Amino acid sequence: MKLIDQQYTKTPFYGVPRMVQHLRENGHRVNPKRIRRLYRKMDLHAIGPRPNTSKPHKGDGHTIYPYLLRGVKIERPNQVWGMDITYVPVGDGHMYLVAIIDLYSRFIVGWSLSNTMTASWCRDCLAMAVLEHGAPEMINTDQGSQFTSPTFTAYVGSLEQTRFSMDGKGRAIDNIFIERFWRNIKYEKIYLEPSEDGHELYAKIKGYVNFYNTERGHQSLGYKRPEKVYRAAA
């Protein structure tokens, strides 16, 4: 799984066939069935131009919302937050990391680490970010079941001024800012300093998020720090 995650972070457009080819070319004996199963377990999808839809999943109460960011100019903090989940290796296993980024400043307003991906976990992470920073005007996620679930959508619906936007299925490019954050944290911390257990991983993620927010300059921000941009305009 770690090998898949490392390559997918570099090439998120790799679907199962191309990932199988890549692994085989690097000396690993794999078959498409196993890689497809691991893609599902890790909640990975090859990015690509697919149409969006607002149709609910039949019979299970899940709802997919339309994509609202097309043509929107991001001009201020808390205008749009992006939220996503990624797989992270730890010891002989893995955990899941959810994070929320302010699209204007690239400031990470919230994050959480868990052994499992649940709707309540995502809801609680968003609720803590709202409690600390106030509700955004819009929250953008992918179409993962944690975000389309009644547990999560009901909470977003309770935030009166917040609109809900969802990417087209498989379109990581729609939430590109948080995808860049995943690449940064994995290649600047998680892969460079492997963790043996969840406590160690949590401490490293906490330290990196603080570094990312307060010390790491961003070219798109004129090399200013995300926290400085977020606080100055908030």
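If you're matching positions, the sequence shown starts at 1241 in the working numbering and goes up one per residue. All C-beta atoms, glycine included, are put in the ideal place defined by N, C-alpha and C. Note that the structure is predicted; figures quoted are calculated from it, not measured.
Query	Result
So Arg1316 and Ala1472 are in contact, right, with Cβ under 8 angstroms, and what is the actual spacing, rounded?	Arg1316 to Ala1472, Cβ: 11 angstroms. No contact.
If you draw a straight line from the alpha carbon of Thr1454 to that of Phe1347, how long is it in whole angstroms?	9 angstroms
Tell me which residues share the same chain as Ala1359 and place their Cβ nearer than 7 angstroms to its Cβ, disregarding the 5 neighbours each side in the sequence.	Gln1386, Ser1389, Thr1391, Phe1392
Can you list, in chain order, the residues of its chain whose CB lies under 7 angstroms from that of Ala1375, leaving out five sequence neighbours each side?	Leu1399, Gln1401, Thr1402
Counting only runs of 4+ residues fully inside the segment 1335-1387, write out the alpha helix (DSSP H) ranges in chain order.	1359-1373
Here's the rule I'm using: 16 or more other beta-carbon atoms within 10 Å means buried, otherwise exposed. How should Val1260 be labelled?	buried
According to the Cβ coordinates, are Val1349 and Leu1337 closer than 8 angstroms?	no
So Ile1275 is in the alpha helix (DSSP H); what residue range does that whole segment cover?	1272-1282
Using three-state DSSP, classify Ser1405 as helix, strand or coil.	strand
Residues in its own chain within less than 8 angstroms of Glu1428 by CB, not counting five upstream and five downstream?	Tyr1448
Look at the alpha carbon of Leu1243 and the alpha carbon of Phe1404, and state the distance between them as a whole number of angstroms.	34 angstroms
Starting from the Cα of Asp1342, find the closest Cα among Ile1425, Phe1421, Glu1433, Lys1444 and give me that residue.	Phe1421
Could you have a look at Lys1184 and say whether DSSP puts it in helix, strand or coil?	With the chain represented from 1241 up to 1474, any question about residue 1184 goes unanswered, as that position is not in the structure.
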